[in-house]
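Just so we're aligned, residue 1 is where the sequence shown starts under full-length UniProt numbering, counting upward by one.
Cβ coordinates follow ideal geometry from the N, Cα and C atoms, glycine included.
The model shown is predicted, which means the values in this text are computed figures rather than measured ones.
All remarks here apply to the structure that follows.
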Amino acid sequence: MNSIELQCEKVLESLHQFSDDLLNLGEPILDNRLSEFEHQIGFQLPFDFSYILTKHNYISLAGTEIFGIGREFREESLDKVYSFEQNGIENPMPKEFLPFSPDGRGNYYCLDLSRIKDDSCPVVFWQHDYDYNYSNKEEVETCNENFIGWVQEVMIGWTMEDYGFENR
Numbered sequence: 001m002n003s004i005e006l007q008c009e010k011v012l013e014s015l016h017q018f019s020d021d022l023l024n025l026g027e028p029i030l031d032n033r034l035s036e037f038e039h040q041i042g043f044q045l046p047f048d049f050s051y052i053l054t055k056h057n058y059i060s061l062a063g064t065e066i067f068g069i070g071r072e073f074r075e076e077s078l079d080k081v082y083s084f085e086q087n088g089i090e091n092p093m094p095k096e097f098l099p100f101s102p103d104g105r106g107n108y109y110c111l112d113l114s115r116i117k118d119d120s121c122p123v124v125f126w127q128h129d130y131d132y133n134y135s136n137k138e139e140v141e142t143c144n145e146n147f148i149g150w151v152q153e154v155m156i157g158w159t160m161e162d163y164g165f166e167n168r
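Have a look at this one:
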């Protein structure tokens, strides 16, 4: 196992510590839908994101979601959300931003696929009502160095804080 795989397994192990009341894990992906999606959007997905999504095609922890991909998710499928956020709204995202988690207020945590390096890329926070200058993408806040860091901080860390687990 490489170091990214080990980090992914460690994060999955941490997620599995939560009760079923808080955690909802999707089924594994057993087909080629992720590679088809990469071909469709013209970007490679980072290894950590693909690895986790292949293990659990959808994750929800205490209301924080990671979209799954497939017909069963209807309009909340990763591919449908990507298409809508690129083509179906007044303030579209850049094509290299992949929205993978909503904040519940119309904003998204996104993978910045243009900055993929060593099978990883940063997570940015896209605010739907902010008038970004597309020639200056640096206006978009970078939240985490990579997807695994986002899961550790936003999903696991914030949930532990919200439920008072951090002092145990």
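_Coil, strand or helix - V123 by DSSP_ = strand
*Could you check the C-alpha separation between M1 and E9 for me, to the nearest Å?*
10 Å
*Could you check where the beta strand (DSSP E) with E98 kicks off and where it finishes?*
This sequence places Leu at residue 98; Glu is not what is there. Segment F97 to P102, the beta strand (DSSP E) holding L98.
*How would you label E85, buried or exposed, when you count the other beta carbons within 10 angstroms and need 16 or more for buried?*
Per the 10 Å Cβ criterion, buried.
*asked:* Report the CB separation of P92 from C110 in whole angstroms; it is logged as a contact under 8 Å.
replied: 12 Å between Cβ atoms; not a contact.
_At 3 residues or longer, what runs of the beta strand (DSSP E) sit wholly inside the stretch 11-72?_
23-25, 59-61 and 64-66
*So, using beta-carbon positions, are E96 and L78 closer together than 8 Å?*
no
*Nearest-angstrom Cα separation, counted from L23 out to I59*: Separation of I59 and L23 (C-alpha to C-alpha, rounded to the nearest whole angstrom) is 7 Å.
_Rounded to the nearest angstrom, what separates W158 and H16 at their Cα positions?_
So the two alpha carbons sit approximately 16 Å from each other.
_Run of the alpha helix (DSSP H) containing Y82, from where it starts to where it stops_ = L78 to N87
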